[in-house]
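These notes are about the structure you will find just below.
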Amino acid sequence: MAAPGTRTLTGTRTSSQLRGVAVTLRRPDFGYGRDIPRVWHDGGIAVTAFWNALSIAAPLLEAEFIRDAARLEGRLESEDQVRELRSFIRQEGTHASLHRRFNDLLEGWGYPVEACQAPVRRVLKVLARTSSAFRCAVALSGEHFIGEMGDIVLTRPEVLETAGDDRVTRLWLWHSYEEVEHKAALFDAFTAVHGRGPDAYLYRIAGLAVAVDVLVVVIPLTVARLLREDGAALRPGEWAALGRYLFVTPGLLRGRSRAVFQFLRPGFHPWTYLDNAALLAERREDLVDPSWEVPETRSRPGDAS
Ligand SMILES: [Fe+2]
Ligand SMILES: [Fe+2]
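Numbering (this note's numbering), first residue to last: 1464 to 1768.
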């Protein structure tokens, strides 16, 4: 590999650019006052806890995605792809910092954020002992699920947009928008570096198993921990409300098993699986403010940074 600064980069466009999608850094300045209701989602305390659990995990997961993406950056050959991956990294960094800010509010309410993060830290500690390619595969599987949830949030307003305190929901709407916007960035970088051979495919499948594990084990454990703080962990009605919310109405995860099966296809690609580029154009005006945009750094990709 050429030393930084001497690498010759090609002008190959990215799959996102070919669909008119530009991964764009935005820095909204969301704040979270103590006057936000503790149960900020209309679905009740367990649905609120579910989103809070995702927010608690977010800074740790985003930091892992950033580390994985950074390892790929020096091995890419397309200037546009390097730029896109850098924008991905900067978007995830901003997500992490705004979720940290929201998590401070949770802490202020008495929720044990640090203790709730322990299961995620344990998963990341085990992952740290695995190969770089495997960790990237886990990250891109995670990105697939998060991008999928982002699509649901943007297409079903009753999931979040019209169902809670907008000082909290705007965080998730902006985050969801950017997750759809950059859903192919890590996948394309991984494929550019590791190819589409049997090794890369097996990494992807194993990565999927870990990502599913986080979703079906770690997040519910965190929800239970949060509900315990409110004395609601053993109330079947609260869990039933969350189950209805996830799988029936509005059904955050309803009908999305195909996201798993499609990901298992060797020829899977985030945009061909679900081309929702038009959705971004449709929702841009409502969900992301142009004043949040941060100009791209002037340094040329491939230069030492
Ligand atoms: Fe994110
Ligand atoms: Fe992401």
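C-beta atoms are modelled at their ideal positions from N, C-alpha and C, and glycine is treated no differently. Just so it is clear, the structure is predicted and the values come from calculations on it, not from any experiment.
Q: Could you tell me if L1697 is buried or exposed, where buried requires 16 or more neighbouring beta carbons within 10 angstroms of its beta carbon?
A: Locating residue 1697 in the sequence shown gives position 234, counting from the first residue. The residue in question, L1697, is exposed, as its Cβ has fewer than 16 Cβ neighbours within 10 Å.
(Q) Less than 8 Å between the beta carbons of E1524 and G1605, yes or no? (A) Here residue 1524 is taken as the residue at index 61 of the sequence shown, counted from 1. Here residue 1605 is taken as the residue at index 142 of the sequence shown, counted from 1. At residue 1524 the sequence reads Leu, which differs from the Glu that was named. Yes, these two residues count as a Cβ contact at 8 Å.
Q. Rounded to the nearest angstrom, how far is the Cβ of V1486 from that of E1547, given a contact under 8 Å?
A. By one-based count along the sequence shown, residue 1486 stands at place 23. By one-based count along the sequence shown, residue 1547 stands at place 84. About 5 Å separates the two Cβ atoms, so the contact holds.
**Q.** heavy atom of ligand 2 below 7 Å from F1528 C-beta
**A.** In the sequence shown, residue 1528 corresponds to position 65, counting from 1. Under cutoff, so the answer is yes.
Q | 4 or more residues per run - each alpha helix (DSSP H) lying fully within the region 1539 to 1585 | A | 1542 to 1571
Q | Closest residue to R1717 among Q1725, Y1708 and H1657 (Cα-Cα distance) | A | In the sequence shown, counting from the first residue as 1, residue 1717 sits at position 254. Cα-wise, what sits closest to R1717 is Y1708.
Q) Any heavy atom of ligand 1 within a distance shorter than 7 Å of the CB on H1558? A) By 1-based counting over the sequence shown, the position of residue 1558 is 95. It does: the Cβ of H1558 is within 7 Å (strictly closer) of some heavy atom of ligand 1.
Q. Which ranges would you report for the alpha helix (DSSP H) in the region 1572 to 1650 if only whole runs of at least 4 residues count?
A. 1576 to 1590, 1595 to 1618 and 1629 to 1644
Q: Could you tell me if the beta carbon of E1642 falls within a distance shorter than 7 Å of some heavy atom in ligand 2?
A: To locate residue 1642, count along the sequence shown from 1; it is residue 179. Result yes, Cβ under 7 Å from ligand 2.
**Q.** For V1589 and E1536, the rounded distance between their alpha carbons
**A.** The residue given as residue 1536 occupies position 73 in the sequence shown. The residue given as residue 1589 occupies position 126 in the sequence shown. Whole-angstrom Cα-Cα distance: 23 Å.
Q) Beta carbon of W1734, beta carbon of A1647: below 8 Å? A) Against the sequence shown, residue 1734 aligns to sequence position 271. Against the sequence shown, residue 1647 aligns to sequence position 184. Cβ distance < 8 Å, so W1734 and A1647 count as in contact.
Q. Once you ignore the five residues that flank R1563 on each side, which residues in its own chain have a CB closer than 6 Å to its CB?
A. For this step, residue 1563 is matched to residue 100 along the sequence shown. The residues are P1522.
Q: Give the secondary structure of Y1756 by DSSP, where H, G and I count as helix, E and B as strand, and everything else as coil.
A: Here residue 1756 corresponds to residue number 293 of the sequence shown, with the count starting at 1. What sits at residue 1756 in the sequence shown is Glu, not Tyr. The answer is strand: DSSP assigns E1756 an E or B state.
Q: Between the Cα of R1489 and those of C1579, V1545 and A1559, spot the shortest distance and give me the residue it belongs to.
A: Within the sequence shown, residue 1489 is the residue found at index 26, counting from 1. Per the Cα distances, A1559.
(Q) At a threshold of 7 Å, does H1638 count as lining ligand 1 (C-beta to nearest heavy atom)? (A) Working through the sequence shown from its first residue, we reach residue 1638 at position 175. H1638: yes, Cβ under 7 Å from ligand 1.
Q | Pick from G1506, D1752 and A1516 that is closest to E1641, judged by C-alpha positions | A | Here residue 1641 refers to the residue found at position 178 of the sequence shown. Of the candidates G1506, D1752 and A1516, the one whose C-alpha sits nearest the C-alpha of E1641 is D1752.
Q.
With the cut-off set at 8 Å, would you say V1681 and V1576 are in Cβ contact?
A. Here the question's residue 1681 lines up with position 218 in the sequence shown. Here the question's residue 1576 lines up with position 113 in the sequence shown. No.
Q: Whole angstroms is fine: what's the gap from S1479's alpha carbon to L1671's?
A: Residue numbering aside, residue 1479 sits at position 16 when the sequence shown is read from its first letter. Residue numbering aside, residue 1671 sits at position 208 when the sequence shown is read from its first letter. Approximately 22 Å between the Cα atoms of the pair.
**Q.** Close Cβ partners of D1427 (< 7 Å) along its chain, the five nearest in sequence each way excluded
**A.** The structure shown does not extend to residue 1427, since the chain is modelled only from 1464 through 1768, so no value can be given for it.
Q) Is E1611 near ligand 1, with its Cβ less than 7 Å from a heavy atom? A) Taking the first residue of the sequence shown as position 1, residue 1611 is located at position 148. It does not: the Cβ of E1611 is nowhere closer than 7 Å to a heavy atom of ligand 1.
Q) Around the Cβ of S1754, are there at least 16 other Cβ atoms within 10 angstroms (buried) or fewer (exposed)? A) As a working note, residue 1754 is residue 291 in the sequence shown. Counting Cβ neighbours within 10 Å, S1754 comes out exposed, since fewer than 16 surround it.
Q: Compute the Euclidean distance between the alpha carbons of R1592 and T1625, then round it to the nearest angstrom.
A: Along the sequence shown, one-based indexing puts residue 1592 at 129. Along the sequence shown, one-based indexing puts residue 1625 at 162. Computed Cα separation, rounded: 43 Å.
**Q.** Classification of T1412 by the beta-carbon crowding that lies within 10 angstroms, buried from 16 upward
**A.** An answer regarding residue 1412 cannot be provided, because it is not within the stretch 1464 to 1768 covered by the chain.
Q.
DSSP three-state label for R1497, please.
A. Reading the sequence shown from its first residue, position 34 is the one you call residue 1497. R1497 falls in the coil class under three-state DSSP.
Q. Looking at the structure shown, is H1657 part of a helix, part of a strand, or coil, going by DSSP?
A. Within the sequence shown, numbered from 1, the residue matching residue 1657 stands at position 194. Of the three classes helix, strand and coil, the one that applies to H1657 here is helix, per DSSP.
Q) So the alpha helix (DSSP H) N1515 belongs to, where does it begin and stop? A) The residue labelled residue 1515 in the question sits at position 52 within the sequence shown. Where N1515 is concerned, the enclosing alpha helix (DSSP H) stretches over I1508 to E1536.
Q. Among residues of its own chain, excluding the 5 on either side of E1570, which ones have a beta-carbon nearer than 6 Å to its beta-carbon?
A. Locating residue 1570 in the sequence shown gives position 107, counting from the first residue. The residues are V1576.
Q: Using only the heavy atoms of ligand 1, determine whether one of them is closer than 7 Å to the beta carbon of E1547.
A: Mapped onto the sequence shown, residue 1547 falls at position 84. No; taking the cut-off as 7 Å, the Cβ of E1547 has no heavy atom of ligand 1 nearer than that.
Q) In chain order, which continuous runs of the alpha helix (DSSP H) of length 4 or greater are located wholly inside the region 1679 to 1753? A) 1682 to 1692, 1699 to 1710, 1720 to 1726, 1733 to 1736 and 1740 to 1750
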